[in-house]
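Heads up: the sequence shown is residues -19 to -1, 1 to 261, going by mature numbering (1 follows the signal peptide of the UniProt record, and there is no 0).
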Amino acid sequence: MFKKHILIALAVAGTLAFAEPIERRAATNEFPTPPATVHLTAPMVIKAGTTFTPDQPYTRYDRGSGACKSSGEGGSADAVFHLEEGATISRVVIGKDQMEGIHCLGSCTIDHVYFEDVCEDAITILQTSGTSRINYGGGAQDKIVQHNGAGTVIINSFYAENFGKLYRSCGNCKTTQYTRHVEVNDSWAVSGSALVGINSNYGDTAKIRNLQVSKVNSICDKYTGNNNGKEPTKVGTGPDGTVRYHPVGIIHASRLTFARLELPVQRVRYSLRVRQDYPG
């Protein structure tokens, strides 16, 4: 799934500087080799305001053999991790044996987390307000980020391959529907259906900048969402008043010059650094 080489674009457009800076980096398709595997019998809870990093960085966590079922959707009880309000998880690999990956019960931060495969959803955002950040990681298959709660999700330097959607604002949540916002920065998407899916009728917005894509059918799909569980209706694609692309932010691989760098497969390293900060 993830290659042992990395292709890095040699040119990146600038962005505005904000408080709470995070170092800008190019997304990488370099996947870390887990030094160990932990099979969980129940979700591991990361308490509010705390940070979890395994003693051996990039340890693989899953829910045991057979946890990924081909029929039906999983729930919070099927997740590998639960992150409470303000919690952070860092340098973890989520194995293929799981139904759901990470559930953020409040606003959370997910740093350097990689998903070997996505059974149902890799990351589910359940916050009722605030901003969750997903920085430097990678995943594939199905929906990677499912936003069922409210607020904003910011995705920085993420690599997605063979995916349905990188981000989807819930189109048919039966409880409460919210206005949701997503930002995707400096990311790399390969072989996918749509990068982002939002609900126009609920006031969702999407901001996308500095994106490298290859074989992705759509950058942003817009839907009429509902709260009755029915399949939402697709109503359009592309930029408008609610979907904004950076002027030079969508770059197709066939139009760029790349540098090929060999990196050790057991470690994650980034070569491109730009002296600007991410928004927020």
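Yeah, the Cβ is synthetic: ideal placement off N, Cα and C, and Gly gets one too.
Local conformation of residue i per DSSP, three classes
i, result
"ASP92", "strand"
"PRO228", "Confidence at PRO228 is low in this model, with a pLDDT of 45, below 50, so its placement is unreliable and no value can be given for it."
"TYR183", "helix"
"ASP102", "strand"
"ALA58", "helix"
"GLU142", "strand"
"ASP167", "coil"
"ASN198", "strand"
"LYS155", "coil"
"ALA175", "strand"
Own chain, CB closer than 7 Å to residue i, minus 5 neighbours either side, in chain order
i, result
"GLY210", "ASN153, LYS155"
"PRO38", "ARG72"
Of the residues the options, the one placed nearest residue i, counting alpha carbons only
i, options, result
"ASN129", "ALA170, ILE83, SER138, PHE96", "ILE83"
"GLY222", "THR186, ILE179, VAL216", "THR186"
"residue 262", "THR133, ARG44, GLU11, LYS146", "One cannot answer for residue 262 here, as it falls past the ends of the chain, which runs -19 to 261."
"ALA103", "SER110, GLY120, THR109", "GLY120"
"ARG44", "CYS100, GLY30, THR34", "CYS100"
"CYS49", "PRO16, ARG41, ALA60", "ALA60"
"VAL165", "ARG114, THR34, SER174, GLN158", "ARG114"
"ASN207", "ASN182, HIS63, VAL216", "ASN182"
"ILE91", "LEU21, ALA17, THR32, TRP169", "THR32"
"ALA58", "PRO13, PRO24, ARG225", "PRO24"
"GLN193", "TYR140, GLY132, ARG225, THR133", "TYR140"
Separation of residue j from residue i, as counted between CA atoms
i, j, result
"ASN191", "LEU176", "13 Å"
"SER110", "LYS77", "30 Å"
"ILE27", "GLN108", "15 Å"
"THR214", "PRO35", "42 Å"
Contact under 7 Å by Cβ, residue i with residue j
i, j, result
"residue 266", "SER88", "With the chain represented from -19 up to 261, any question about residue 266 goes unanswered, as that position is not in the structure."
"VAL171", "SER138", "no"
"GLY173", "VAL197", "yes"
Own chain, CB closer than 6 Å to residue i, minus 5 neighbours either side, in chain order
i, result
"ARG161", "HIS128, SER150, ASP185"
"GLY178", "LYS146, ARG149, ASP202"
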